[in-house]
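In terms of the working numbering, the sequence shown opens at residue 6 and continues consecutively.
Notes follow once the structure below has been shown.
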Amino acid sequence: MCKCKVIAIANQKGGVGKTTTTLNIGVGLANLGKKVLLIDADAQANLTVSLGFNRPDMLSYTTGQAMVDIANEDKIDKSNLLHNDEGVDLLPSNLRLSALENQIIPLLGRESLLKGFIEQVKSDYDYILVDCSPTLNIITINAFTAADSVLIPTQPSYLAVQGLQDLLKTVSQVKRQLNPKLSISGILITMYDSRTNYSKEVIDILRENYDELIFNTVIPRSIKQEEASTDGKSIYSYAKNNKVALAYKNLIEEVK
6 MCKCKVIAIA NQKGGVGKTT TTLNIGVGLA NLGKKVLLID ADAQANLTVS
56 LGFNRPDMLS YTTGQAMVDI ANEDKIDKSN LLHNDEGVDL LPSNLRLSAL
106 ENQIIPLLGR ESLLKGFIEQ VKSDYDYILV DCSPTLNIIT INAFTAADSV
156 LIPTQPSYLA VQGLQDLLKT VSQVKRQLNP KLSISGILIT MYDSRTNYSK
206 EVIDILRENY DELIFNTVIP RSIKQEEAST DGKSIYSYAK NNKVALAYKN
256 LIEEVK
């Protein structure tokens, strides 16, 4: 029996650390000897670029193509997946994923195309992490339909917090209508600056409203993390003793 765990990393608010979290959890798990596949489900292709593939529009096999193959009932060729030097496999993305959204709307079973792909490859992996778009579109619904759980990164800001209820409502709807096994893995506070009262106030609000869902681990803000993403590396490879690297190692113990 396949014991692969599928986690969607999602928040409809941009700039809250979804891609950074997907990358660092994925590489961190690979460092522990786990077999990991990362799926870029965002047309902006930030995860693809963050893994060092700097020209995503030149890639022929992407999340969009994989979903088209499932729609056409074609068999998935696993050799098309990319491999990163830090030990993770990648199903990349590019701008063509945006065009796919409109194409799949009329299709029967349109919410399950990504699930169809994952079902064909999951026996090869211990973990599959899906980096979702900052919109609750049909591609994100596909990720939720395929996932065992949703991990929600959020920056400690009032604007980021305001959208949480809508996201949780969407997860609940998907659970009710499409994926009964879906759960909330947790809410992850990212980019935390302990020097500001503002961040502390927002965290207090989060804990007051969602305490049972919030991870114990908090990811601090660090310029090293921004530099690592620009360099196409995880924080472990770029600055292994950085506070962000240590925080993600702690988070992985909560997620496993």
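Glycine residues also receive a C-beta, built at the ideal position from the N, C-alpha and C atoms.
Owing to the predicted nature of the structure, the values given are computational and were not obtained by experimental measurement.
- Item | Distance between beta carbons of T53 and S98, contact taken as under 8 Å | Sure, about 6 Å apart at Cβ, within 8 Å.
- Query: Can you tell which of N85, S84, I194, V11 has its C-alpha closest to the C-alpha of F220?
  - Reply: Cα-wise, what sits closest to F220 is I194.
- Which residues DSSP lists as bridging I14, in chain order: DSSP lists D136, L156 as partners of I14.
- Message: Cutting at 6 Å between CB atoms, please list the residues of its own chain near K10, excluding the five before and the five after it.
- Response: Result list for K10: Y132, D153, in chain order.
- Query: What separation, rounded to the nearest whole angstrom, lies between the Cα atoms of A35 and V41?
  - Reply: Going by the C-alpha atoms only, they are around 6 Å apart.
- Message: Rounding to the nearest angstrom, what Cα-Cα distance links N107 and L164 in this structure?
- Response: Taking the CA atoms as reference points, N107 sits about 29 Å from L164.
- What first and last residue would you give for the alpha helix (DSSP H) that runs through N221? If you look at N221, you'll find it isn't in any alpha helix (DSSP H); it sits in the beta strand (DSSP E) that goes 219-225.
- Item | Minimum length 3: unbroken beta strand (DSSP E) runs contained in the segment 178-252 | Residue ranges of uninterrupted beta strand (DSSP E) with 3 or more members, entirely inside the segment 178-252 and ordered along the chain, are 188-197, 219-225.
- Rounded straight-line distance, which links the Cα of P225 to that of G81: The displayed chain sequence assigns Ile, not Gly, to residue 81. Pairing I81 with P225, the inter-Cα distance amounts to about 39 Å.
- Message: If you follow the beta strand (DSSP E) that D263 is in, where does it begin and where does it stop?
- Response: The structure shown has nothing for residue 263, since the chain only spans 6 to 261.
- The beta strand (DSSP E) spanning L96 covers which residue range? Note, L96: beta strand (DSSP E), 94-96.
- Task: Go through its chain and collect everything with a Cβ distance to N29's Cβ below 6 Å, but skip five positions before and after it.
- Result: The residues S239, I240, Y253, in chain order, have a CB closer than 6 Å to that of N29 in the same chain once the five nearest residues on each side in sequence are set aside.
- Message: Does the segment 142-158 come into contact with the segment 119-133, if we say contact requires no fewer than three beta-carbon pairs (one atom in each stretch) closer than 8 Å?
- Response: Contact between the segment 142-158 and the segment 119-133 is present, because at least three Cβ pairs lie under 8 Å.
- Task: Quick one: using the 10 Å Cβ neighbour count with 16 as the cut-off for buried, is Q3 buried or exposed?
- Result: Beyond the ends of the chain as shown, which are 6 and 261, falls residue 3; an answer cannot be given.
- Going along the chain, which residues of its own chain have a beta-carbon closer than 6 Å to the beta-carbon of V223, five neighbours each way excluded? I194, Y197, listed in sequence order.
- Under 7 Å between C-beta atoms of G31 and V93: Yes.
- Would you please state the rounded distance, in angstroms, between the beta carbons of I189 and V176? I believe it to be under 8 Å. Contact holds; Cβ gap of about 6 Å.
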